[in-house]
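This report refers to the structure that appears directly beneath it.
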Amino acid sequence: MTHKTFTFTLTTVALAAITACSSAPPADVAPPAIIATPAAASPAPPAPQAPTAGPLLRIDSAQSLIAVTVRRGGVLARLGHDHVVAARTISGTVSPSENRADFQFRLDEMSVDEADLRQIAGLGKQPSADAIAGTRHNMLTKVLDAEHYPLVQIHAERMADGQPLQVSITLHGVTRTLAIPVELREENGSINVKGTVNLKQSDFGLTPFSVMAGAMAVQDEMELRFDLSAK
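Numbered per mature numbering (1 follows the signal peptide of the UniProt record, and there is no 0), the sequence shown spans residues -29 to -1, 1 to 202.
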């Protein structure tokens, strides 16, 4: 990120007093009046110009993915399932000149347990359609309260080349900022960024889903994997 500092020097203009000396005039002649003429005002310095931001890139939803893997817990964990939920309808912008990005997605548009994503995450047997529907309902209503908090909003900044991104995630009305290492590629005017980070549901005021007094539960920790493209 390039910052330009503009320094303006204000020149102080001094006004000189004009005086005149003459011999004494005749008694019946009044001395000439001395009129001071002010110097012309100096023109005002130009107003500082804000740096011009470069063009914005837009998130390419068709080429972008955010996937969250949650795993089962509790003494009866063997009876439950691990799950992967994914956001593909991601919208937002990236400003390469300012090294920042802002984007969001809706919780109620996330998919649950896509077969190919379960395979990538190394999860086991594919749950039934009824089990997936139940997981989705519990996630949106009992955990995320998606009716009142429908959006996940993300703001990211790159402070220096090669450094982790500073990422602020707002979920369930709570914002957390993390330093996330990423793989960044820029090519032909487009940008792609990939990375993985572990989060806790409780960090965002969420209570992991559980039944039977916690004998079957979802673990607090979740893995977030992202692959985002903008052009």
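C-beta: ideal position from N, C-alpha, C; glycine also.
Please report the straight-line C-alpha distance between residue i and residue j, rounded to a whole angstrom.
| i | j | result |
| --- | --- | --- |
| Val46 | Met187 | 7 Å |
| Lys171 | Ala92 | 18 Å |
| Leu142 | Glu118 | 13 Å |
| Arg129 | Ala150 | 10 Å |
| Arg42 | Met193 | 7 Å |
| Gln97 | Ala86 | 7 Å |
| Val189 | Gly25 | 44 Å |
| Ala48 | Met183 | 11 Å |
| Ala100 | Gly133 | 43 Å |
| Ser181 | Leu155 | 37 Å |
| Asn159 | Lys202 | 9 Å |
| Leu50 | Gly185 | 13 Å |
| Leu177 | Gly105 | 19 Å |
| His126 | Glu157 | 19 Å |
| Leu111 | Phe175 | 15 Å |
| Asp198 | Ile61 | 11 Å |
| Thr148 | Gln124 | 12 Å |
| Ser68 | Lys165 | 20 Å |
| Gly144 | Asn169 | 19 Å |
Do the CB positions of residue i and residue j come within less than 8 Å of each other?
| i | j | result |
| --- | --- | --- |
| Asp73 | Gly63 | yes |
| Ile140 | Phe76 | no |
| Val55 | Arg29 | no |
| Thr167 | Leu122 | no |
| Thr83 | Arg107 | Strictly speaking, residue 83 in this sequence is Val, with Thr absent from that position. Yes, they are a contact pair. |
| Met81 | Ala102 | no |
| Leu115 | Val65 | no |
For residue i, I'd like the list of residues in its chain whose CB is within less than 6 Å of its CB, leaving aside the five on either flank, ordered along the chain.
| i | result |
| --- | --- |
| Ser200 | Asp31, Gln34, Ser35, Asn163 |
| Leu94 | Asp53 |
| Pro135 | Ala150, Ile151, Pro152 |
| Thr146 | Ser139 |
| Val39 | Val56, Met193, Leu195 |
| Ser161 | Lys202 |
DSSP beta-bridge partners for residue i?
| i | result |
| --- | --- |
| Arg71 | Ser66, Glu128 |
| Asn159 | Its beta-bridge partners do not exist; DSSP assigns none. |
| Leu122 | Arg77 |
| Ala38 | Ala57, Arg196 |
| residue 207 | This structure cannot speak to residue 207, because the chain is shown only from -29 to 202. |
| Arg43 | Val189 |
| Lys171 | Glu192 |
Over the uninterrupted alpha helix (DSSP H) stretch that includes residue i, give me the two end residues.
| i | result |
| --- | --- |
| Asn109 | 100 to 109 |
| Ala86 | 86 to 92 |
Say the cut is 7 Å; is the CB of residue i nearer than that to a heavy atom of the ligand MG?
| i | result |
| --- | --- |
| Ile37 | Ligands displayed in this structure: none; no statement on the ligand MG is therefore possible. |
Residues in the same chain with beta-carbon distance under 8 Å from residue i, minus the five sequence neighbours each way, listed in chain order, please.
| i | result |
| --- | --- |
| Ser173 | Pro179, Asp191 |
| Asn70 | Met(-29), Glu128, Arg129, Met130 |
| Lys113 | Phe180 |
Which residues bound the beta strand (DSSP E) around residue i?
| i | result |
| --- | --- |
| Gln34 | Looking at the DSSP string, Gln34 is not in any beta strand (DSSP E), and its letter there is neither H nor E. |
| Ile151 | 145 to 151 |
| Glu192 | 187 to 201 |
| Gln137 | 136 to 142 |
| His54 | 54 to 58 |
Within the same chain, show all residues whose beta-carbon is closer than 7 Å to that of residue i, passing over the 5 residues directly before and after it, in chain order.
| i | result |
| --- | --- |
| Tyr120 | His143, Gly144 |
| Asn109 | Phe180 |
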